[in-house]
Amino acid sequence: MKSAVEELRRADHIVVLTGAGMSVESGIAPFRGEDGLWSEFDPQEMASVTGFSKHPERCWQLFRLQIEECFGAKPHEGYEALVEMEDHGLEAVITQNVDGLHQKAGSKKVLELHGTLNELVCDSCGNRKDTEEMVGEILDGEIPYCECEAVMRPDVVLFGEPLPQNTLNEAWSAVEDTSLIISIGTSSVVQPAASLPLTAKRSGSTIMEVNVEPTQLTPRADHFLEGKAGEILPELVERLKDF
Ligand code: APR
4 MKSAVEELRR ADHIVVLTGA GMSVESGIAP FRGEDGLWSE FDPQEMASVT
54 GFSKHPERCW QLFRLQIEEC FGAKPHEGYE ALVEMEDHGL EAVITQNVDG
104 LHQKAGSKKV LELHGTLNEL VCDSCGNRKD TEEMVGEILD GEIPYCECEA
154 VMRPDVVLFG EPLPQNTLNE AWSAVEDTSL IISIGTSSVV QPAASLPLTA
204 KRSGSTIMEV NVEPTQLTPR ADHFLEGKAG EILPELVERL KDF
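The following block contains the structure:
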């Protein structure tokens, strides 16, 4: 932890990449691992373009569960620590998460690579709505229909869909300019997010990882902090302030 705090103190530019593990302590299930969503739902069936076009109502079983978790969730202290880190060089949070908790906590620059559950979109006419507008019906088990009568869906990136290009471009340039990237709570298996820390390293950045267990990124990390995001991050920032 000591060398990690010194690294943080030295870094002029910091970028963070978060995954589902960042939200576990706020009560949101991860995707992989024994209690992950993918052990209960088949992602190709329930979270893919083909799955949604074939049986949107089945996909809404998963969407509803995610929306229920996300709307009831509060950012834990790890999120607040990242907001404080903005006073120590943190320039952007790049997240794979769709729960909006970084924004809820007050992070200023959040790049949502995989979209958000907080907006609904109609693939047929392009109509958009805040999920908030229909969250009552959704949690009552209804499926949100657009005024054009097509089924709406959360504005998340489904398997088989490209990532939002502008957001991705912003993420690439953020990691190319950073001196430190902190990867938090991601299994580092899904592309292109998993390549961001390595791209940063190629541009001369240091890699720090926070996770409850080693991942595919760990052998390439300069610092591996084993533990929960909600415990490690507040301690990191607390010690940073002691300098
Ligand atoms: N603190 C830190 N890390 C944690 C915690 C915690 N409290 N709890 C779990 N983790 C770690 C796990 O060890 C794992 O490495 O978080 C990671 C969660 O991995 P995944 O569930 O695979 O989530 P993620 O890496 O974000 O998945 C990437 O895959 O299915 C797609 O679109 C989905 O955005 C998602 C993408």
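Numbering (the working numbering), first residue to last: 4 to 246. The beta carbon of each residue, even a glycine, is placed where N, CA and C say it ideally should be. If you're wondering where the values come from, they're calculated on a predicted model, not measured in any experiment.
Which of the three DSSP states is assigned to residue i in this structure?
i	result
T218	coil
L199	helix
S51	strand
D133	strand
I97	strand
E71	helix
G118	strand
F44	coil
On the DSSP bridge assignment, give the partners of residue i in chain order.
i	result
R156	V124
I185	V19 and M211
L239	Paired residues: none, contrary to the question.
G92	Answer is none; G92 lacks a bridge partner.
H226	M211
Y148	V154
V113	V96
Alpha carbon to alpha carbon, how far is residue j from residue i? Give it in angstroms, no decimals.
i	j	result
S176	V96	13 Å
Q69	G129	22 Å
H16	P59	43 Å
I187	A84	13 Å
M25	S56	30 Å
E156	V27	In the sequence as presented, Glu is not what sits at residue 156; that position holds Arg. R156 and V27: Cα-Cα distance of roughly 24 Å.
R12	G144	49 Å
Counting pairs of Cβ atoms below 8 Å between the stretch 194-213 and the stretch 29-44, do you hit three or more? The answer is no - the stretch 29-44 does not touch the stretch 194-213, with fewer than three Cβ pairs under 8 Å.
Within the chosen definition, does the stretch 164-183 reach the stretch 115-122 through at least 3 CB pairs nearer than 8 Å? Taking 8 Å as the limit for Cβ pairs, the verdict is that the stretch 115-122 does touch the stretch 164-183.
Do the stretch 64-82 and the stretch 42-51 make contact, defined as three or more Cβ pairs closer than 8 Å? Touching, yes.
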